[in-house]
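Heads up: the structure comes next, in structure tokens.
There are 2 protein chains.
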Amino acid sequence: MNNNRPLVVKVGGSAGINYDLVCDDVAALVKAGRRMVLVHGGSHETNLLSKRLGKPPRFLTSPQGYTSRYTDAETLDIFAMVYAGKMNTRIVERLQKRGVNAVGLSGLDGRLLEGPRKASVRAIIDGRQVLVHDDYTGKVTRVNAALLNLLLDHGYTPVISPPACSNEGEAINVDGDRAAAMIAAALGAAQLIILSNVPGLLRNFPDERTLIPHIRYAELEQALSFAEGRMKKKVLGAAEAIAGGVDQVIFGDARIAQPIQRAMNGAGTVIAP
Amino acid sequence: MNNNRPLVVKVGGSAGINYDLVCDDVAALVKAGRRMVLVHGGSHETNLLSKRLGKPPRFLTSPQGYTSRYTDAETLDIFAMVYAGKMNTRIVERLQKRGVNAVGLSGLDGRLLEGPRKASVRAIIDGRQVLVHDDYTGKVTRVNAALLNLLLDHGYTPVISPPACSNEGEAINVDGDRAAAMIAAALGAAQLIILSNVPGLLRNFPDERTLIPHIRYAELEQALSFAEGRMKKKVLGAAEAIAGGVDQVIFGDARIAQPIQRAMNGAGTVIAP
Numbered sequence: 000m001n002n003n004r005p006l007v008v009k010v011g012g013s014a015g016i017n018y019d020l021v022c023d024d025v026a027a028l029v030k031a032g033r034r035m036v037l038v039h040g041g042s043h044e045t046n047l048l049s050k051r052l053g054k055p056p057r058f059l060t061s062p063q064g065y066t067s068r069y070t071d072a073e074t075l076d077i078f079a080m081v082y083a084g085k086m087n088t089r090i091v092e093r094l095q096k097r098g099v100n101a102v103g104l105s106g107l108d109g110r111l112l113e114g115p116r117k118a119s120v121r122a123i124i125d126g127r128q129v130l131v132h133d134d135y136t137g138k139v140t141r142v143n144a145a146l147l148n149l150l151l152d153h154g155y156t157p158v159i160s161p162p163a164c165s166n167e168g169e170a171i172n173v174d175g176d177r178a179a180a181m182i183a184a185a186l187g188a189a190q191l192i193i194l195s196n197v198p199g200l201l202r203n204f205p206d207e208r209t210l211i212p213h214i215r216y217a218e219l220e221q222a223l224s225f226a227e228g229r230m231k232k233k234v235l236g237a238a239e240a241i242a243g244g245v246d247q248v249i250f251g252d253a254r255i256a257q258p259i260q261r262a263m264n265g266a267g268t269v270i271a272p
Numbered sequence: 000m001n002n003n004r005p006l007v008v009k010v011g012g013s014a015g016i017n018y019d020l021v022c023d024d025v026a027a028l029v030k031a032g033r034r035m036v037l038v039h040g041g042s043h044e045t046n047l048l049s050k051r052l053g054k055p056p057r058f059l060t061s062p063q064g065y066t067s068r069y070t071d072a073e074t075l076d077i078f079a080m081v082y083a084g085k086m087n088t089r090i091v092e093r094l095q096k097r098g099v100n101a102v103g104l105s106g107l108d109g110r111l112l113e114g115p116r117k118a119s120v121r122a123i124i125d126g127r128q129v130l131v132h133d134d135y136t137g138k139v140t141r142v143n144a145a146l147l148n149l150l151l152d153h154g155y156t157p158v159i160s161p162p163a164c165s166n167e168g169e170a171i172n173v174d175g176d177r178a179a180a181m182i183a184a185a186l187g188a189a190q191l192i193i194l195s196n197v198p199g200l201l202r203n204f205p206d207e208r209t210l211i212p213h214i215r216y217a218e219l220e221q222a223l224s225f226a227e228g229r230m231k232k233k234v235l236g237a238a239e240a241i242a243g244g245v246d247q248v249i250f251g252d253a254r255i256a257q258p259i260q261r262a263m264n265g266a267g268t269v270i271a272p
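Protein chains in written order, with numbering that gives the first Met the number 0: chain A, 0 to 272; chain B, 0 to 272.
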């Protein structure tokens with residue numbers, strides 16, 4: 000593998016993820032000269048803080064079965080506090096303690112992750128289809144790869160999280176897995192590693208013995224049918240990354256030692272053309 | 000004034016500050032070609048969130064009469080959520096909406112603001128002097144000016160907030176005004192503008208008719224005697240900035256239109272050698 004093509008790692012935000020082990024592995028790879036970018040989530044902590052603040056999380060389900068966080072202005076504040084505040088700061092801190100000169104960025108910084116805000120979101124609530132208008136969500140369609148390369152060229156390791164930046168400059172909630180896919184494609188990454196609190200794509204979630212070791216790109220549509228909740232967007236992200244020129248997407252386990260290097264070596268679910 | 004010497008603006012975090020007006024003025028200056036850095040606070044919002052989370056803010060008073068937030072690990076999470084999360088994200092959003100390509104950074108990012116964590120903090124509690132050991136606070140002694148210049152050279156406007164990075168890589172609470180002074184000195188800024196919710200240094204706080212229009216550097220020690228609470232650190236910051244080579248420090252009013260340009264033109268308290 001060409002060592003100069005960057006590596007993009009996405010680590011999820013679900014309960015059970017071991018960020019210390021992930022950061023140990025980032026440090027080992029960066030010290031070995033690897034050019035890499037870390038993207039992270041924060042969904043579990045966002046749910047916890049939302050409840051503590053008396054604003055329990057709500058989720059919208061699209062007619063196609065995809066769920067997303069209902070993100071009004073107050074929820075976006077909570078989202079930014081957790082993702083760009085607590086999670087990003089503490090991950091950058093872990094990396095600085097390990098000698099990695101990390102730089103934390105949200106998608107608003109330098110319009111790093113940019114795209115249209117949805118004018119309205121179609122969702123199923125109590126069996127009826129409704130249109131939600133005060134939702135700050137959207138989709139990343141453009142990545143400021145120049146900013147990432149500028150930082151990488153000067154020895155910094157970018158640590159990225161949503162929110163993203165709408166075309167009008169608003170903070171918007173976007174899916175982190177699909178954002179990571181766009182970043183991997185924009186940087187010409189060889190591999191995109193997507194780590195979560197399961198060992199990979201499971202045929203019968205949550206039975207970990209049903210791990211699927213390999214999926215070809217052409218089979219991804221079919222994989223969507225048995226991917227549960229949050230895994231659906233990872234499968235979509237994988238398809239988008241490979242369509243964007245990434246060689247391999249690997250779903251790996253963020254609860255174990257050397258989670259990134261193990262996934263790079265094929266542990267988990269390997270998706271390739 | 001040499002337009003190429005950067006301008007550093009610190010906007011406080013107290014109640015009553017109008018961030019829309021501050022960002023309007025940043026946008027006007029950046030569009031006019033001004034090379035500038037914005038540093039911000041978040042104390043009022045941190046107090047509010049601390050209370051909502053059942054962790055009311057506590058403040059330590061040093062034997063010299065300086066107050067600082069008691070910052071244990073949980074408080075630092077809250078601090079990071081407000082400063083690096085909500086406040087920084089929303090200020091960067093305001094600037095992006097106004098066409099300024101802002102990049103938000105905490106002091107951990109690229110070790111932008113680095114210095115020693117205090118091993119212990121001496122404080123007066125109930126009239127007795129005690130040593131506090133679990134406090135994550137410190138002082139900025141080194142600024143990564145190369146990172147700021149890299150971003151400025153590529154058309155980005157840095158938006159900076161605490162926490163800073165201890166020498167060991169830990170997140171630490173540092174005073175924002177003194178951090179801004181260190182940034183201004185490190186960048187060779189011509190002016191440091193410190194905006195808050197008062198018109199400048201008042202001889203009899205809070206009587207705004209007692210504004211002091213000019214203070215010479217040699218008089219700053221004396222000014223410390225009548226500077227109230229939060230203003231004490233601004234006076235210290237002013238002294239440090241001028242000792243570091245900044246031509247002028249101006250305390251201005253962040254509640255009015257064109258707060259930066261007015262201060263640049265001398266409205267408020269002008270401090271010079």
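By construction, the Cβ of each residue, glycine as well, lies at the ideal position given by its N, Cα and C atoms.
Between residue i and the rest of its own chain, which residues show a CB-CB distance below 6 Å, the 5 nearest in sequence each way excluded?
| i | result |
| --- | --- |
| P56 of chain B | N46 and S49 |
| V102 of chain B | L150, Y155 and P157 |
| I16 of chain A | N196 and A253 |
| G199 of chain B | L210, F250, G267 and T268 |
| A222 of chain A | I214 and V234 |
| L191 of chain A | V7, A183, A240, V245 and V248 |
| A144 of chain A | A185 and L186 |
| P205 of chain B | none |
| A238 of chain A | L219 |
| M0 of chain B | Any reading at M0 of chain B is ruled out, since the residue's pLDDT is 42, under 50, leaving its predicted position unreliable. |
| E207 of chain A | P198 |
If you drop the 5 nearest sequence neighbours on each side, which residues of the same chain put their C-beta closer than 7 Å to that of residue i?
| i | result |
| --- | --- |
| Q133 of chain A | In the sequence as displayed, the identity of residue 133 of chain A is Asp instead of Gln. Once the five neighbours on either side are set aside, the close Cβ partners of D133 of chain A are D71. |
| F225 of chain A | R202 |
| T209 of chain B | L201, R202 and N203 |
| R4 of chain A | G187, A188 and A189 |
| T60 of chain A | T66, A122 and I123 |
| P212 of chain A | T268 and V269 |
| D176 of chain A | K9, I193, K232, K233 and G236 |
| L146 of chain A | G109 and L111 |
Spatial neighbours of residue i within its chain, please: CB distance less than 8 Å, with the 5 preceding and 5 following residues excluded, ordered by chain position.
| i | result |
| --- | --- |
| G243 of chain B | A180, M181, A183, A184 and A185 |
| Q257 of chain B | L20, D23, D24 and A27 |
| Q128 of chain A | P62, R121 and A122 |
| R116 of chain B | Y135, T136, G137, S165, N166, E167, E169 and I171 |
| K54 of chain A | E73, T74 and I77 |
| I255 of chain A | N17, L20 and R261 |
| Q95 of chain B | A101 |
If residue i sits next to residue j, beta carbons under 8 Å apart, how far is it from one beta carbon to the other, in whole angstroms?
| i | j | result |
| --- | --- | --- |
| I270 of chain B | L194 of chain B | So it is not a contact: roughly 14 Å between Cβ atoms. |
| A14 of chain A | H43 of chain A | 5 Å |
| A178 of chain B | G106 of chain B | 7 Å |
| G114 of chain A | R141 of chain A | 6 Å |
| V81 of chain B | M80 of chain A | 7 Å |
| L104 of chain B | S119 of chain B | In fact, because the Cβ distance is near 29 Å, the residues do not count as touching under 8 Å. |
| D174 of chain B | K85 of chain B | At roughly 20 Å, the Cβ-Cβ gap does not stay under 8 Å, so D174 of chain B and K85 of chain B are not in contact. |
| L52 of chain A | R89 of chain B | That belief does not hold up - the Cβ atoms of L52 of chain A and R89 of chain B are roughly 17 Å apart, past 8 Å. |
Using only alpha-carbon positions, find the residue among the options that is nearest to residue i.
| i | options | result |
| --- | --- | --- |
| M230 of chain A | A:S119, A:T268 and A:I241 | A:T268 |
| A37 of chain B | B:M263, B:K54 and B:K9 | Note that residue 37 of chain B is Leu in the sequence shown, not Ala. Looking at the Cα atoms, B:K9 is the closest of the given residues. |
| L111 of chain A | B:N100, B:S67 and B:R110 | B:N100 |
| R68 of chain A | A:N148, A:G40 and A:R93 | A:G40 |
| V91 of chain B | B:Y65, B:G11 and B:I159 | B:I159 |
| T74 of chain A | A:N87, A:F58 and A:G64 | A:F58 |
| D152 of chain A | A:V29, A:G175 and A:G11 | A:V29 |
| N148 of chain B | B:G98, B:G64, B:G265 and B:R34 | B:R34 |
| G98 of chain B | A:K96, A:G12 and A:D108 | A:D108 |
| Q236 of chain A | A:D125, A:G32 and A:V139 | Checking the sequence, you will find Gly at residue 236 of chain A rather than Gln. Comparing Cα-Cα distances from G236 of chain A to each of A:D125, A:G32 and A:V139, the minimum goes to A:V139. |
| G11 of chain B | B:I259, B:G64 and B:A238 | B:I259 |
| G126 of chain A | A:E207, A:P161 and A:G64 | A:G64 |
Taking 6 Å as the cut-off, is the C-beta of residue i nearer than that to any heavy atom in the ligand GDP?
| i | result |
| --- | --- |
| D71 of chain B | Looking for the ligand GDP in the displayed structure turns up nothing, as the structure carries no ligands at all. |
Contiguous beta strand (DSSP E) assignments of at least 3 residues, all confined to the region 62-103 of chain A: As far as the region 62-103 of chain A is concerned, its whole beta strand (DSSP E) runs of at least 3 residues are 66-68.
To test your reading of the DSSP string, which unbroken beta strand (DSSP E) runs of 3 or more residues are found completely within the region 213-265 of chain A? 213-215 and 247-252
Could you say if the region 211-218 of chain B and the region 163-171 of chain B meet the contact criterion of at least three C-beta pairs nearer than 8 Å? no
Length at least 4, wholly inside the region 125-185 of chain A: the alpha helix (DSSP H) runs in chain order: Segments of the alpha helix (DSSP H) lying fully in the region 125-185 of chain A: 144-152.
Complete beta strand (DSSP E) runs within the region 26-58 of chain B (minimum length 3 residues, chain order): 35-39
Pull out every residue of the region 129-159 of chain A whose Cβ sits closer than 7 Å to any Cβ of chain C, in chain order. Of the chains in the structure shown, none is chain C; the protein chains are A and B.
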